[in-house]
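Be aware that the sequence shown starts at 3, since it is given in the working numbering, and climbs by one per residue.
Ideal Cβ placement from N, Cα and C applies to all residues, glycine included.
Computed from a predicted model, the values in this text were never measured in an experiment.
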Amino acid sequence: MLSHIHQHLDEPLLVADLAALSCWSRWQLQRVFQSETGLTVAAYVRELKLSRAAAALLGGRDRILDLALRHGYDSEVSFSRAFKQQFGCSPLAYRKRGLWVGLRQPISQLGPRGLGEGKWLQVRVETRPAFQLLGVRGEIRGLFAEQPDFQQQVPAIWQRVQALPGGEQLNGLPLLGVSDLRAHQDEAHRFPYWAGIAPSEQPEEMPLTLTGAETLQVPSQTYGVVTHQGPITLLPQILSWFIEQWLPQSGYRGLDGLELEAYPANYQGKAQDASMSYWLPIAPLP
């Protein structure tokens, strides 16, 4: 079903027609699809079509009306209304801004090498503006090293930043981990890992002071973003899928840059319903 949707996004995709291609009634298809993906069929199709339209806005000079008609809308008004609902701005404003923001990618199923069949993942493409990280750094051996140690070293680095004078202020705030893959790694595949916070992304009424912390300048970058739901110990399987399976088929290439881990306030990494996101630097293939 997903393959059919992905291969026919330039055509009308009605729930009744999709149900006729499946083994389910319309009601059964809607129920199964939403149970498995968290989206209705119509919402999923709309997300992907509007994401294609957004990419076309940035990559070409087509009139907005032409894009509207091409992606299944009968007027520029209805297209603009749906576009603003998904992206928070009009098509014209999106084109003027010139940033890849909020582009939804097709849902993929995580295979048996990861967390088993039945887990569905959707990547989005976002451009994040430059920011400054305040925190501490250490060195780790990452996922693809012969002897990875990140599962031991990363928690230790987070303990260091929380032990700084003022570290208690981090409780209840969104946090960021940064893997710096810009420099050539040594023979042991070690690279810097930062644990900290982006002060510019915190409420103004909560000034933050971390005595002894260092700063890292993170440039503006386009990322592929995947959300991981579940214990943090399972994140490596998600990253393996992200890099080994999603990226080669995505139309993007990976970059040696700063990879981000975004943790919400009050994140509990051992919880089954824990949710965080991983940001992988990417660029469109030529």
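Leu282 beta carbon less than 9 Å from that of Gly226: Counted from its first residue, the sequence shown places residue 226 at position 224. Counted from its first residue, the sequence shown places residue 282 at position 280. Contact flag set, yes.
Alpha carbon of Ser222 to alpha carbon of Thr235, nearest angstrom: Taking the sequence shown and counting its residues from 1, one reaches residue 222 at position 220. Taking the sequence shown and counting its residues from 1, one reaches residue 235 at position 233. If I take the Cα positions, the gap works out to 29 Å.
Closest residue to Leu11 among Tyr75, Ala267, Arg162 (Cα-Cα distance): Counting from 1 along the sequence shown, the entry for residue 11 is found at position 9. Ranking Tyr75, Ala267, Arg162 by Cα distance to Leu11 puts Tyr75 first.
Buried versus exposed, by CB contacts within 10 Å (16 or more), Pro288: Translated into positions along the sequence shown, residue 288 becomes position 286. With fewer than 16 Cβ atoms within 10 Å of its Cβ, Pro288 is classed as exposed.
Sequence-distant residues of the same chain with beta carbon closer than 6 Å to Ser279, five excluded per side: Translated into the one-based positions of the sequence shown, residue 279 becomes position 277. Excluding sequence neighbours, Ser279 sits near Val227, Thr229, Ala264.
Integer-rounded CB distance, given that Trp102 should sit under 8 Å from Thr129: Along the sequence shown, read from residue 1 onward, the residue named residue 129 stands at position 127. Along the sequence shown, read from residue 1 onward, the residue named residue 102 stands at position 100. Sure, about 5 Å apart at Cβ, within 8 Å.
From Leu123, Gly179, Glu78, residue whose alpha carbon lies closest to that of Gln231: By 1-based counting over the sequence shown, the position of residue 231 is 229. Checked all of Leu123, Gly179, Glu78; the closest Cα to Gln231 is Leu123.
Inter-stretch contact (C-beta, 8 Å, three-pair minimum) for the segment 148–160 and the segment 190–198: yes
Spatially closest choice to Ile109 from Glu78, Phe35, Leu178, by CA coordinates: On the sequence shown, position 107 is the one that residue 109 refers to. Ranking the options by Cα distance to Ile109, first place goes to Phe35.
Outcome for His6 when other beta-carbon atoms lying within 10 angstroms are tallied against a minimum of 16: Locating residue 6 in the sequence shown gives position 4, counting from the first residue. In summary, His6 is exposed, with fewer than 16 beta-carbon neighbours lying within 10 Å of its beta-carbon over all protein chains present.
Start and end residues, alpha helix (DSSP H) containing Glu263: Within the sequence shown, residue 263 is the residue found at index 261, counting from 1. Unbroken run through Glu263 is the beta strand (DSSP E), 260–265; no alpha helix (DSSP H).
Coarse secondary structure for Tyr225, derived from DSSP in three states: As a first step, residue 225 is located in the sequence shown; it is residue number 223 there, counting from the start. Here Tyr225 sits in strand by DSSP.
Rounded separation between Ser80 and Leu166 - CA only: For the purposes of this step, residue 80 is identified with residue 78 of the sequence shown, where counting begins at 1. For the purposes of this step, residue 166 is identified with residue 164 of the sequence shown, where counting begins at 1. Ser80 and Leu166: Cα-Cα distance of roughly 53 Å.
Beta strand (DSSP E) segment containing Tyr96, residue limits: Residue 96 sits at position 94 when you count from the first residue of the sequence shown. Run containing Tyr96: none in the beta strand (DSSP E); it sits in the alpha helix (DSSP H), 93–99.
Bridge partner(s) assigned by DSSP for Thr284: Taking the first residue of the sequence shown as position 1, residue 284 is located at position 282. Correcting the residue identity first, residue 284 is Ile in this sequence and not Thr. According to DSSP, Ile284 bridges with Gly256.
Other residues of its chain near Tyr269: CB distance less than 6 Å, five sequence neighbours each side excluded: What you label residue 269 is simply residue 267 of the sequence shown in a count that begins at 1. The answer is none, since no qualifying residue turns up.
Limits of the alpha helix (DSSP H) - the one that Tyr195 falls within: In the sequence shown, counting from the first residue as 1, residue 195 sits at position 193. It is not in any alpha helix (DSSP H) - Tyr195 instead sits in the beta strand (DSSP E) that spans 192–199.
Counted within 10 angstroms of its Cβ, other Cβ atoms place Arg184 as buried (16 or more) or exposed: Your numbering for residue 184 matches position 182 in the sequence shown. By the neighbour-count criterion, in which 16 or more other beta carbons inside 10 Å mark a residue as buried, Arg184 falls on the exposed side.
Separation of Leu145 from Asp64, as counted between CA atoms: Reading the sequence shown from its first residue, position 62 is the one you call residue 64. Reading the sequence shown from its first residue, position 143 is the one you call residue 145. Approximately 42 Å between the Cα atoms of the pair.
Selection from Leu105, Val220, Ala44 that minimises the alpha carbon distance to Val180: Taking the sequence shown and counting its residues from 1, one reaches residue 180 at position 178. Checking every option, the nearest Cα to that of Val180 belongs to Val220.
9 Å Cβ cutoff met for Ala21 and Leu31: On the sequence shown, residue 21 is found 19 positions in, with the first residue counted as 1. On the sequence shown, residue 31 is found 29 positions in, with the first residue counted as 1. Result yes, Cβ atoms of Ala21 and Leu31 sit closer than 9 Å.
For Val127, the nearest candidate out of Arg143, Leu249, Ala276 (CA to CA): Sequence index remark: in the sequence shown, residue 127 carries index 125 (1-based). Here the closest residue by C-alpha is Leu249.
CA nearest to the CA of Pro176, picked from Leu135, Lys272, Ile142: Counting from 1 along the sequence shown, the entry for residue 176 is found at position 174. Considering only alpha carbons, the answer is Leu135.
Contact under 9 Å by Cβ, Ala285 with Thr224: Taking the sequence shown and counting its residues from 1, the one referred to as residue 285 is at position 283. Taking the sequence shown and counting its residues from 1, the one referred to as residue 224 is at position 222. Yes, they are a contact pair.
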